[in-house]
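In what follows, a single structure is set out as structure tokens and then discussed.
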């Protein structure tokens with residue numbers, strides 16, 4: 847029972863490098879989300895996808911792009927990494943677009959030097 | 036617009052003592068509230084949710100929360116904590132943005148249970 851799977855779990859990048867974080871869910875959920883978690887800041891929404899084929903900006907979208915590849919997969923891309931993007935990134939999914947609880951992956955810990 | 040304030044960044048408590056983690060919210064529309072728990076190096080897990088109905092909501096691991104509309108609060112309680120309850124706890128409010136309900140999370144409360 848995998849739930850939400852994120853890869854990789856850890857990554858170190860140099861400033862200016864690009865990278866794609868992968869997320870897949872096996873619960874047949876329609877909605878998927880990308881968050882970043884920084885100390886003392888809680889979770890901040892980067893992008894979300896209410897359904898396959900749609901994506902929308904969240905609170906902190908600058909410097910990121912997303913792709914909803916299919917119903918299962920939702921990737922997050924950093925085109926030119928900056929030290930300010932050092933964070934823990936979480937992917938989540940929910941059944942639909944209602945006020946349902948979210949299911950989270952275990953996170954990707956990203957350091958940018 | 037919606038927002039969540041978790042009033043304590045850290046709550047230390049001794050094992051078997053009761054605990055309350057405080058959460059206040061603001062929302063201009065119908066209110067849907069959640070508490071999540073995060074153990075070290077893991078993602079968030081749902082503890083409990085309030086969507087409608089009874090204002091006292093029971094969750095997993097012996098936790099409960101009470102929705103108080105007049106005080107705009109949704110405090111989390113447990114009558115007797117264990118060492119294993121040491122974790123980060125997040126309160127969230129879900130409101131409508133366009134056609135979707137998007138949650139806003141508080142900054143988290145670190146519960147530290149001492150033996």
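Chains as they are written, first to last, in the working numbering: chain W, 847 to 959; chain B, 36 to 150. Ideal Cβ positions, reconstructed from N, Cα and C, are used throughout, including at glycine.
What residues of chain B sit near residue 868/W, judged by a beta carbon separation below 7 Å? Per Cβ cutoff of 7 Å: no residues; residue 868/W is ~15 Å from chain B at best.
Kindly examine the ligand MG and report whether one of its heavy atoms sits closer than 7 Å to the Cβ of residue 118/B. Ligands are entirely absent from the displayed structure, and the ligand MG is therefore not among its contents.
Please state if the CB of residue 71/B and the CB of residue 128/B are separated by a distance shorter than 8 Å. no
Burial state of residue 100/B, where buried means 16 or more other Cβ atoms lie within 10 Å: buried
Compare the C-beta of residue 225/B against all C-beta atoms of chain W and say whether one is closer than 8 Å. The structure shown has nothing for residue 225/B, since chain B only spans 36 to 150.
Beta carbon of residue 869/W, beta carbon of residue 905/W: below 8 Å? no
Excluding the five sequence neighbours on either side, which residues of its own chain have a C-beta within less than 7 Å of the C-beta of residue 928/W, listed in chain order? 861, 909 and 958
To the nearest angstrom, report how far apart residue 45/B and residue 945/W are at their CA atoms. 28 Å
Report the CB separation of residue 82/B from residue 98/B in whole angstroms; it is logged as a contact under 8 Å. 5 Å
Are there 16 or more other CB atoms within 10 angstroms of the CB of residue 134/B, so buried, or fewer, so exposed? exposed
Output the distance between the C-alpha atoms of residue 130/B and residue 122/B, rounded to the nearest integer angstrom. 26 Å
Please compile the residues from chain C whose C-beta is within a distance smaller than 7 Å of the C-beta of residue 891/W. Absent from the structure is chain C; the protein chains it does hold are W and B.
Beta carbons nearer than 9 Å to chain W: which residues of the segment 79–110 of chain B have them? 79, 80, 81, 84 and 86
Within 8 Å, strictly: CB atoms of residue 917/W and residue 898/W: yes
When burial is assigned at 16 or more other CB atoms within 10 Å of the CB, is residue 38/B buried or exposed? exposed
What's the call for residue 139/B, buried or exposed, on a 16-neighbour Cβ count within 10 Å? buried
Residue 882/W classed as buried or exposed, judged by whether at least 16 other C-beta atoms fall within 10 angstroms: buried
Spell out whether any CB of chain B is found under 8 Å from the CB atom of residue 957/W. no
Would you identify the three-state DSSP class for residue 929/W, choosing helix, strand or coil? helix
Taking the alpha-carbon of residue 112/B as reference, which of 94/B, 76/B and 149/B has the nearest alpha-carbon? 94/B
Taking all protein chains shown into account, do 16 or more other C-beta atoms lie within 10 angstroms of the C-beta of residue 47/B, making it buried, or fewer, making it exposed? exposed
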